[in-house]
Structure formats: C-alpha cells, structure tokens
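Note that the sequence shown ends on residue 287 in UniProt numbering; no numbers are left out. Where a beta carbon is used, it is the ideal one built from N, C-alpha and C, also for glycine.
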Amino acid sequence: MKYPLLATDLDGTLLNDEKEIDVETREAINEYRQRGGKVVICSGRSPLSTRWIASTIGLAGEPIIAYNGAILLDENGEVKEQATFQDESLLNFWELCETEGVYAHFYEGDTLLVPKVNKWNENWIENNIPTLGKSGGELKNCESFREKCQVKVMEDFYRYLKEKQPKITKIAVFDDGDRLSDFSKRIGELITEMEISSSFNFLNLEISPIGVTKASALLRLAEELSIPITQTAAIGDNYNDSLMLSAAGLGIAMGNAPEKVKQMADQVTSTNNEAGVANAIRRYLLD
C-alpha cells in the first residue's frame, strides 16, 4: 500500500452539511482499513467529539488528533500528548480581546470557558457531540458523551485565567463583522506565542499554542507509527488544513475547499456532500 496512513478532517470533509457521514464514505474507510490502512481523525474538534465520531463509524482503536494538533489521543482514547498556552500569553490575549471588543472562548479539556452566553456557544454541547443518527449513532451513547461536556460561564474571565491558570489547548474567536482578518494581524504583532488559522475564511479564528498545527501533529504521529511522511495521505477543506495537506505525501483538498487551499493540495476530490472522502479513497488509496 503506497499510503498506509490517512489523516482526515471532520467538518466540511468527513461530515456533510447535515453533520452526518454517508454510508458510501463509511464503506470506503472500512475497505481501506481492511487492506491495512490506518485512518486518523485530525480535527479542530474536542477529544470527546472526535472520540464520539470515531467510535460511531468504527474507528475505535485508532489514534486521534484533536484541537488542531494540541491533543493527541492514543488507541484507547486517552490523552497521550497535550500542548497548552503560556499563562502570560492568555492574559495578554484576553486583554487584547477586551480592548478590541472581540468575542473569544477557550477550551480546557472538554470544557468550554465562555465570558457570557451568546449565539456562538449556547448550543455548543449539541454541536460538539452531533447525534449522527444517519451515521449509525445511538441516542443513548450520544447522550453519555454529551453529559461529559461542560460550558462554564466566567464572569471575571481575567481573574479566572490569572488565579486558576487553566490548561487551555485552543481558542476560538468570532465576530459578526469583517474585523477578524485585521484582528489576526494584531495578535501576530502583540503576542508571538500563538498559531493562528481560520476554518471558515475569517468568519472565525482558531488559535493554538505556538508550534501546534495539524501538520506538526501528523508528522509526530507518523514518526511514532514508523510511517514515512511521504507515505501518508491527508484530506481537508479549509485553511487550518492547508499545512497538513502540504506536509503529507499526498494532500487531497475537498471540492468545497477555497481555491487557495486547493492550490496547496496534490489532488482535489468532490465535495463533502458528494462523498468526497469516499471518492478520494477509492481513486487514490486503494491500489
């Protein structure tokens, strides 16, 4: 097998717009694995979210890359590696958000820390653990995963960060306007210990500790598995996937990816609503 390891993004890639994984894709993944391939979820989603999706589609026993590379789960779903932000960087970042009037929330394990309840977090648990009813998900199992997620409202967020020094692995930033492109530049100017990407073309920002990307996590995992990076394949749809697509031996962009992301890939498949992952597996990986 030319590419025995496949790293796949979730939203806009493995998941269609209904947050489901169609049967054709599940069958293609199963066939690839039966032939000896390993499928690794590589997502900005939380550990619980990625574990829920992996278990539902039969990927239990595979390692997982969560929070855009900040957390690596082993074959048993336990945290094997974790990268967190420096305390000073978090405080400086929060002060910048306050100054600029920009909303951000913070991920501490499988808990979402928010300064207030709003449209960007009020349905977070349900969005974090989708039902997957059409993908084989059972409601009882879904509820058990949701019960392990929390949203905590921190009225004095700066004090919480300073006194509790939480282990934050990811930050998400949202805005109704068009300020996030400029805001990302401000972060880069004032706070150097952060990696900034966007998964929705600057409708939001995803921020990781310095040096943490999907690409760096894939490189580490491939080394641990003794698989040369040239023999890995990666598939994704957005800007936070672009470095991973470039690093892999075979980078595949989804048909719904922005043009700049497609240009960084080796191949382009169909969209996430057209079984793009299944088509890519059958066309490029089952040889």
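Query	Result
Distance CB(Ala217)-CB(Ile65) smaller than 8 Å	yes
Pick from Phe93, Gly61, Asp110 that is closest to Gly44, judged by C-alpha positions	Asp110
Candidates Gly12, Ile168, Gly251: closest to Phe93 by CA position	Ile168
Every unbroken alpha helix (DSSP H) within the stretch 180–226, with a cutoff of 4 residues, ordered by chain	180–190, 214–224
Three-state class that DSSP yields for Ile252 in the structure shown	strand
Range of the contiguous alpha helix (DSSP H) that encloses Ala247	242–247
Residues near Glu100 in its chain [Cβ-Cβ closer than 8 Å; skip 5 each side]	Arg179, Phe183, Arg186
First through last residue of the alpha helix (DSSP H) which encompasses Val277	276–280
Residue of Ile227, Leu161, Met194 minimising C-alpha distance to Pro209	Met194
Ile125, DSSP secondary structure in three states	helix
Beta bridge counterpart(s) of Tyr103 as assigned by DSSP	Phe174
Through-space distance from Gln267 to Lys170, alpha-carbon basis	29 Å
Simplified DSSP state of Ala28, which is helix, strand or coil	helix
Assigned exposure category for Asn76 - 16 Cβ within 10 Å defines buried	exposed
Buried or exposed by the 16-neighbour rule on C-beta atoms within 10 Å, applied to Arg159	exposed
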